[in-house]
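Note that the sequence shown ends on residue 990 in numbering that gives the first Met the number 0; no numbers are left out.
Backbone N, C-alpha and C define an ideal beta-carbon position, used for all residues, glycine too.
As the structure is a prediction and not an experimental result, all values here were calculated from the model.
The structure appears right after this line, and notes come after that.
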Amino acid sequence: MVSETSEKALEDLIEAAFLREVDSEPTEFIKGNNADFDADLAMDTVQLWAFLEATQSDELDKLRTRHNWQRIVLERLDRKIKKDGVLTVLKKGLSVDDAHLKLLYRLPYNTKTPEVTRLFEANIFSVTRQVYFSTTDSNPSVDMVLFINGLPVVSMELKQPWKGQNVSHARKQFQQRDHREPLFQFGRCLVHFAVDTDEVFMATKLSGKSTYFLPFNKGDGNGKGNPINPTGHKSAYLWEEVLTRHSLTNIIEHFAKLVEEEDPDTGKKKKTLFFPRYHQLDVVRQVLADVREHGVGQRYLIQHSAGSGKSNSITWLGYQLIETYDAAGEQNLFDSVIVVTDRRVLDRQLKDNIRAFSEVKNVVAHAFSSAELKSALENGKKLIITTIQKFPHILDGITDLSDRKFAVIIDEAHSSQSGSAADKMNEAISGGGDDDEPEDLQDKILAAMEARKMGANASFFAFTATPKNTTLERFGRPDSDGKFVPFHLYSMKQAIEEGFILDVLKNYTTYKSYYELQKSVEDNPEFNTKKAQSKLRAYVEADPTTIKTKAGIMLEHFESNVVRPKKLKGKAKAMVVTRNIESAIRYYLALRDALRAAGSPYQPVVAFTGKKMIDGVEHTEDTLNGFPGGDIPKKFKTDDYRILVVANKFLTGFDEPMLTTMYVDKKLQHVLAVQALSRLNRCNNKLGKEETFILDFHNSVDEIKDSFDPFYTSTALSEPTDVNVLHDLKDALDDTGIYDWPEVVEFNEKFFASVDADQLSPILDKVAERFDEVDEEQKPDIKIKAKQFVKIYAQVACIIPFTNANWEMLHWFLKFLIPKLKVKDPDQDEINGLLESVDLTTYGLERVKIGYSIGLDDSDSELEPPNPNPRSAHDDPEKDPLDLIIAAFNERYFTGWDATPEEQRVKLVNLLKHAMADPAFQDKVVGNPDEQNRRIASEALFEKAMRSERRREIDLYKKYASDDDFKKGMHDALLRMMEHVLKSNDRPEGM
0 MVSETSEKAL EDLIEAAFLR EVDSEPTEFI KGNNADFDAD LAMDTVQLWA FLEATQSDEL
60 DKLRTRHNWQ RIVLERLDRK IKKDGVLTVL KKGLSVDDAH LKLLYRLPYN TKTPEVTRLF
120 EANIFSVTRQ VYFSTTDSNP SVDMVLFING LPVVSMELKQ PWKGQNVSHA RKQFQQRDHR
180 EPLFQFGRCL VHFAVDTDEV FMATKLSGKS TYFLPFNKGD GNGKGNPINP TGHKSAYLWE
240 EVLTRHSLTN IIEHFAKLVE EEDPDTGKKK KTLFFPRYHQ LDVVRQVLAD VREHGVGQRY
300 LIQHSAGSGK SNSITWLGYQ LIETYDAAGE QNLFDSVIVV TDRRVLDRQL KDNIRAFSEV
360 KNVVAHAFSS AELKSALENG KKLIITTIQK FPHILDGITD LSDRKFAVII DEAHSSQSGS
420 AADKMNEAIS GGGDDDEPED LQDKILAAME ARKMGANASF FAFTATPKNT TLERFGRPDS
480 DGKFVPFHLY SMKQAIEEGF ILDVLKNYTT YKSYYELQKS VEDNPEFNTK KAQSKLRAYV
540 EADPTTIKTK AGIMLEHFES NVVRPKKLKG KAKAMVVTRN IESAIRYYLA LRDALRAAGS
600 PYQPVVAFTG KKMIDGVEHT EDTLNGFPGG DIPKKFKTDD YRILVVANKF LTGFDEPMLT
660 TMYVDKKLQH VLAVQALSRL NRCNNKLGKE ETFILDFHNS VDEIKDSFDP FYTSTALSEP
720 TDVNVLHDLK DALDDTGIYD WPEVVEFNEK FFASVDADQL SPILDKVAER FDEVDEEQKP
780 DIKIKAKQFV KIYAQVACII PFTNANWEML HWFLKFLIPK LKVKDPDQDE INGLLESVDL
840 TTYGLERVKI GYSIGLDDSD SELEPPNPNP RSAHDDPEKD PLDLIIAAFN ERYFTGWDAT
900 PEEQRVKLVN LLKHAMADPA FQDKVVGNPD EQNRRIASEA LFEKAMRSER RREIDLYKKY
960 ASDDDFKKGM HDALLRMMEH VLKSNDRPEG M
């Protein structure tokens, strides 16, 4: 005999698993008979009547006197399921005349309610193989259906890869099913699983070839698929863990949800049936199990990538935390659940999501103020939504919440839990101490320290895709090696491989700028080399002509690669990421003018915060766009706007599935790089979004790879922060002599006594006066150490296992003192004068990487804790004469072709001479009022000049003729030189 490897053998195995006994108790499921399935009603009527007779005979007695009473019940049930779905009748039951029939008895919360337990055990879970579902054809059957009390909840198509068929064949089989058949009509069966021995996929709605299947896999090696199962098939968790009686009932009661949503633009209503993906089910259940075991006061870091369905996970967790009981099953663990987000978009999304998922009305509140929060708590609101921007103010005036227990769910924990906002949140939640307020300073300091810690009356659940080292230390859990790791992981790698997000690094193009600077002064002053190089680059990149050049490349790319190919059926959009507000405005104006000149049917929109004066005109996003800033997301969805120019706005939390292209002209690194570029990763299957494009003018592919690598799979913190650096910093600051310890104590006495601020100023002013008398060279070192002390203490105060009152007092003292410590940068005046000493003579761009796919490291990543060494002011900066700085700058950036800067200048001047000497120059260029036509004419003259010089400049001509980017860069440089000549009448010698 040999092993049986047929599809039938797989059916036998799965059926046996459902029919097994558990701990000598009755079997999980009973075996159903496919002859008992009524295809017209899509239910097992035999099991339905068996359940109702066994559990609710008295209710049936109210109906038995009616003629055809059973048919009346069945038809009423059929109509109700057609209208509201099987999930609704399972949760709410069925009313027929004066009888009410329960169709699912709920899970017991504890073992102290034997009647609830008995009724749950009375539910009939059945498994039926080869269910003939068609009302018109007797042949087709679905491999397996699970029923609860005769109502279908799960259908499965099973495939055996050893016989040449796999899960993709099972998906195709479902797609070929007639979804008009009652069993396959939307809402009549909760979920349809396509299964083989390795993988599982699911769909809640069958709609022919457009049926969308989601992976329902655990993940393997932080990627797609499932890990090796030492005791069976890789996919065995489906029937051994997920589809058991208890698990399936829990999903029906707490996860599955039929939601009707209205499109705000069209007003059309659409129903969506939510069923959790595996990682969503897993994270909620793991968290709840840990909460029940360890109680209130714990911290949880959930590292879930974009595409994980985080808002649903937060919603499911929030509702179930409300209903979580202690280990005895007698008391709710939490009085209220507070959901905190720092993203307005997600704030609205969560609010809508939570309200839509609500089974019990009027338990949700949105708190904008302390009065609203107090009212919400007094009126029994269990789930409260707010933002981190509002949270520090919400609990003002509420002096004691320490008798209540909170669950705080934080979205994007790295930003929501930084700085004083986190301290304020922890202080407010913990109630600030006992009812008896301590009177002496020592007690007050200790109370403040305890308030800053995460109080025992609150548990924190932090969600983020990109945990920083401080986030890992604050919310992560130490493993056996002393590393801080997330409680649960759904990685970026898995999200990409499963198709929930796109790989934004797959098509990455970088441009390198090249420029030439010349001195405009005869002197050769010395400048701080590093600062000068940085200032020079910023000067060049912010120049309006430079921006105009890059805007032209962006627009040419967008038209050629996005608009004309009609990406996303002609609806694809782009984002331009700029370094600051001035750059954003200049990019917007350059793009707007170019689009208007071309008669384009679409226009750009700009997004930034506040006001900015440029060239004597004050701009806001409202005045530039012609509509309020709050309307930007809605307007950008329309066909009228296809390019969004941003300055530090919409780089996080902005999910627009029609974004396919990004143009980057800003330094991006670490978490910001991941968040900003991930604006492109949202899938759009309806419009066929399969790829993204990034053109980066500022960052190299290696820099981007270094930013993404730590967050591609699992992120851990190698070791905790060495808090002993606080001892060293305090010793160093004490030795400066700018303050006496009694002054620190006096400041804290008054500060914690809530005196008026004007009584604190004299103490700080005395210290600041002493600081002014310190040698200029020592001042930067003192201020840096003070800032380092405040920053590190704020990060570790809530997690260190001991208290140090002196640290706490020095923290508050320095926090208010630092703004009064004035340090003059000795190089600043010189650096400001630097820009008056140089002229930009040429500018061009060279494409370095074209459509490059950046591969990421899929091994687990470790972050290092903050630098444990006290920082000092920098050593004497290296200084170079202006000539050397410019030479180094040109050598670094002017790499368009193999020639020295002087040779390049000579060649460019020679070409410009030829062009300007042409008889057509005066008529077609100088006398041409149309900017676009003037540029076209100029470029034609440049090409003519290049051809005339090709024999003498054969190497240059070859590069010019073969490299379009080099050609464009040379044209830009020549145009810039030409405009300078025409404006200044300062023609090079010989012209």
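Taking the alpha-carbon positions, what's the residue i to residue j distance?
i: F183; j: T470; result: 46 Å
i: F731; j: F751; result: Correcting the residue type first, residue 731 is Ala in the shown sequence and not Phe. Computed Cα separation, rounded: 26 Å.
i: K821; j: D721; result: 29 Å
i: T463; j: Q302; result: 5 Å
i: I29; j: I147; result: 10 Å
i: F212; j: L686; result: 17 Å
i: A804; j: R591; result: 58 Å
i: F526; j: E617; result: Residue placement at F526 is poorly supported in this model, since its pLDDT is 46, which falls under 50; the coordinates still yield a value, given next. So the two alpha carbons sit approximately 34 Å from each other.
i: D281; j: E261; result: 30 Å
i: I13; j: I383; result: 43 Å
i: T465; j: K665; result: 20 Å
i: W48; j: S167; result: 37 Å
i: A366; j: I409; result: 15 Å
i: P761; j: G629; result: 44 Å
i: Q172; j: D638; result: 38 Å
i: G615; j: F635; result: 29 Å
i: G481; j: E581; result: 46 Å
i: G379; j: F119; result: 29 Å
What three-state label does DSSP hand residue i in the structure shown?
i: G652; result: coil
i: R105; result: coil
i: R563; result: coil
i: G551; result: helix
i: A457; result: strand
i: Q777; result: coil
i: R476; result: strand
i: N331; result: strand
i: S785; result: The sequence given here has Ala at residue 785, not Ser. Of the three classes helix, strand and coil, the one that applies to A785 here is helix, per DSSP.
i: S140; result: coil
i: Y131; result: coil
i: Q668; result: coil
i: Q493; result: helix
i: T619; result: coil
i: P151; result: strand
Considering just the uninterrupted stretch of the alpha helix (DSSP H) at residue i, what are its terminal residues?
i: T735; result: V724 to T735
i: I80; result: W68 to D83
i: M808; result: A804 to L816
i: Y277; result: Y277 to H293
i: I762; result: S760 to D771
Note the first and the last residue of the continuous beta strand (DSSP E) segment covering residue i.
i: E259; result: K256 to E261
i: K482; result: That residue, K482, is in no beta strand (DSSP E); it is neither H nor E in DSSP.
i: I409; result: F405 to D410
i: Y662; result: L658 to D664
i: T323; result: T323 -> no beta strand (DSSP E), and no H or E assigned at all.
Provide the residue(s) that pair with residue i in DSSP beta bridges, ordered along the chain.
i: F200; result: A193 and P214
i: V644; result: V575 and V605
i: N683; result: K688
i: A756; result: A756 pairs with nothing; no bridge assigned.
i: K268; result: E261
i: T385; result: V339
i: F146; result: S125 and P151
Assuming the contact rule is C-beta atoms closer than 8 Å, residue i and residue j should be a hit. Round their C-beta distance to whole Å, please.
i: S677; j: V503; result: 6 Å
i: I250; j: P214; result: The pair is not a contact, with the Cβ atoms about 17 Å apart (cut-off 8 Å).
i: E198; j: G224; result: 6 Å
i: A976; j: L911; result: It should be noted that the sequence gives Met, not Ala, for residue 976. Confirmed, about 6 Å.
i: T548; j: D971; result: 5 Å
i: A494; j: S706; result: Incorrect: roughly 17 Å between the Cβ atoms, too far for contact.
i: M991; j: L567; result: For the chain, the structure presents residues 0 to 990; residue 991 sits outside this window and is missing.
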